[in-house]
Structure formats: structure tokens, C-alpha cells
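Line order of the protein sequences matches chains A and B. Per the numbering used here, residue 83 is the first one in the first sequence, and the count goes up by one each step. Per the numbering used here, residue 185 is the first one in the second sequence, and the count goes up by one each step. Everything below concerns the one structure shown next.
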Amino acid sequence: GALVYQYPRRTICKSGTSMRMECQAVGFQATSVAWYRQSPQKTFELIALSTVNSAIKYEQNFTQEKFPISHPNLSFSSMTVLNAYLEDRGLYLCGARGQGGAETLYFGSGTRLTVL
Amino acid sequence: GDSVTQTEGPVTVSESESLIINCTYSATSIAYPNLFWYVRYPGEGLQLLLKVITAGQKGSSRGFEATYNKETTSFHLQKASVQESDSAVYYCALGDWGNYKYVFGAGTRLKVIA
Chain A
83 GALVYQYPRR
93 TICKSGTSMR
103 MECQAVGFQA
113 TSVAWYRQSP
123 QKTFELIALS
133 TVNSAIKYEQ
143 NFTQEKFPIS
153 HPNLSFSSMT
163 VLNAYLEDRG
173 LYLCGARGQG
183 GAETLYFGSG
193 TRLTVL
Chain B
185 GDSVTQTEGP
195 VTVSESESLI
205 INCTYSATSI
215 AYPNLFWYVR
225 YPGEGLQLLL
235 KVITAGQKGS
245 SRGFEATYNK
255 ETTSFHLQKA
265 SVQESDSAVY
275 YCALGDWGNY
285 KYVFGAGTRL
295 KVIA
């Protein structure tokens, strides 16, 4: 079946430092990968969408300069939170979608970021 | 814009009682919205519970069901008899098949008590 692994599960970083999280699709080829963030007391916000053969598209309020994403192949994606501050804390989810126009996003377990 | 509104939690239900979590959506920029219910158990990520991609159809899984009602723009989640293991946070989501984009509701925390 389709599985998405995301790591690390939890991470703590000092304010102003950066951290990288990774996402791997297993059992299917991820034609698109979406990164979401759930800040405290909020729902999931789309950060960016990475689709094969297209440029990475960032949503309003999120930029490549702050959240650079690498999507080198159909199975792997990584995102870095640069210069993390308190407002960046939350649960970061990676969702991957397969080939054939499949409409379902399969999510990893998330990376919980705490900023001190 | 596109949005999803769902029952505000927490919702507490006794075991074996029935459950309904309301979900309504607004898909102003999505021509053919797909609708989903995801569930998040403590310490875990989002799991797909059920999905319906065609208006008028019903999806079901693990005793839960939801019908995609285009007229009322609703996708309410129902279960006839809940169990303690159903305690989790439930998210209604609107998917844009063409643009690979999802919009989530705020989530509804369900607590089932014995």
C-alpha cells in the first residue's frame, strides 16, 4: 500500500537556527508533494506544492527564502525551516499524491517543531 | 475563497451512541471538488478515513459514512455506534483535483467515553 514516511518526528531548535525535515513516499511514485503546517490552535495551512516537471509553488505568506524545498525524485522531498522563530512552531505534514490523477493525498506522521 | 467549516469541538459521546460531525464547504475556485475525511489519532499523522469524488455519492469506512451533497454543500460524517477507539481529531477536507490542493477544516476533537 501507499505509505509516506516523515522524519524526524520531533525536533527542537533554538530561535534563529534552521532545521530540515524529510519526506519519503514508499510503494508509489509521488507525482506531487504538498507541505502543510498546523500552528497551535489552527488548522492545516498549505505551505507549498511541488509537482513533477513544474516549479515549486508557494502559498501566500510562505516563501522559498524561508521554506526551501528540494524534490529531487518521485520518492523524496525535503523542506528546511530557515531562521526559525516562535511563530514557526507547529506540526509540519508532508502529503504525497501518486500517478494517474489520483485524488488522494497520503500523509506522513508529521514533524513537530518546537522553537526555544 | 475556498473554505471548510466543521463542527466545533470538543465533542463528547458515550460509547455505542451515534455520532454526527457536520461539515460544509465553499468551493468558489474549484470546478470539481473532491471531499475527504481524515482522522488523526494521538501522536500520529493524518489518516484517510473516507473520500468521495462525485457529488451524490456516499463514502464509508470503519463504520463511518458521509454523503457528498452538492445542493447543501455538505459532507457530514456519521457513525451509528461509536467506540472508545474512535477518539481522535477528525478533519474534513476539500480537494482540488486539478491543482492538487487541499483545504482543511479546523478539526473536531471527538472523545468517546465508556
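The beta carbon of each residue, even a glycine, is placed where N, CA and C say it ideally should be. Predicted, not measured: the structure shown is a model, and the values here were computed from it.
Using the C-alpha atoms, what's the distance from residue j back to residue i?
| i | j | result |
| --- | --- | --- |
| Y140 of chain A | P150 of chain A | 10 Å |
| E104 of chain A | P90 of chain A | 7 Å |
| R179 of chain A | F110 of chain A | 9 Å |
| A211 of chain B | N218 of chain B | 10 Å |
| G243 of chain B | T133 of chain A | 28 Å |
| Q106 of chain A | Q88 of chain A | 6 Å |
| W117 of chain A | Q241 of chain B | 29 Å |
| F189 of chain A | Y225 of chain B | 13 Å |
| S157 of chain A | S191 of chain A | 16 Å |
| C176 of chain A | A298 of chain B | 34 Å |
State yes or no: is the beta carbon of residue i nearer than 7 Å to at least one beta carbon in chain B?
| i | result |
| --- | --- |
| G192 of chain A | yes |
Mind checking which residues open and close the beta strand (DSSP E) that includes residue i?
| i | result |
| --- | --- |
| N218 of chain B | 217-224 |
| H260 of chain B | Run containing H260 of chain B: none; DSSP gives neither H nor E here. |
| D270 of chain B | From DSSP, D270 of chain B is part of no beta strand (DSSP E); its letter is neither H nor E. |
So with Cβ pairs under 7 Å, would you call residue i a contact of chain A?
| i | result |
| --- | --- |
| F248 of chain B | no |
Residues of chain A with CB closer than 7 Å to the CB of residue i, please, in chain order.
| i | result |
| --- | --- |
| L230 of chain B | L175, F189 |
| F288 of chain B | T125, F126 |
Identify the contact partners of residue i in chain A, using a Cβ-Cβ distance below 8 Å as the criterion.
| i | result |
| --- | --- |
| G243 of chain B | The contacting residues do not exist; G243 of chain B stays about 12 Å from chain A at best. |
| K285 of chain B | A116, L128, L131 |
In chain A, which residues lie with their C-beta within 9 Å of the C-beta of residue i?
| i | result |
| --- | --- |
| G291 of chain B | Q120, T125, F126 |
Who are the near neighbours of residue i in its chain, counting only those whose CB is closer than 8 Å to its CB and skipping five residues on each side?
| i | result |
| --- | --- |
| K295 of chain B | P194, V195, T196, V197, S271 |
By Cβ distance below 7 Å, which residues in the same chain neighbour residue i in space, the five residues on each side in sequence not counted?
| i | result |
| --- | --- |
| V188 of chain B | C207, Y209, C276, A277, L278, V287, F288, G289 |
| V197 of chain A | C95, S97, A166, Y167, L168, D170, R171 |
| N135 of chain A | none |
| K285 of chain B | none |
Tell me which residues share the same chain as residue i and place their Cβ nearer than 6 Å to its Cβ, disregarding the 5 neighbours each side in the sequence.
| i | result |
| --- | --- |
| R92 of chain A | R194 |
| T251 of chain B | K242 |
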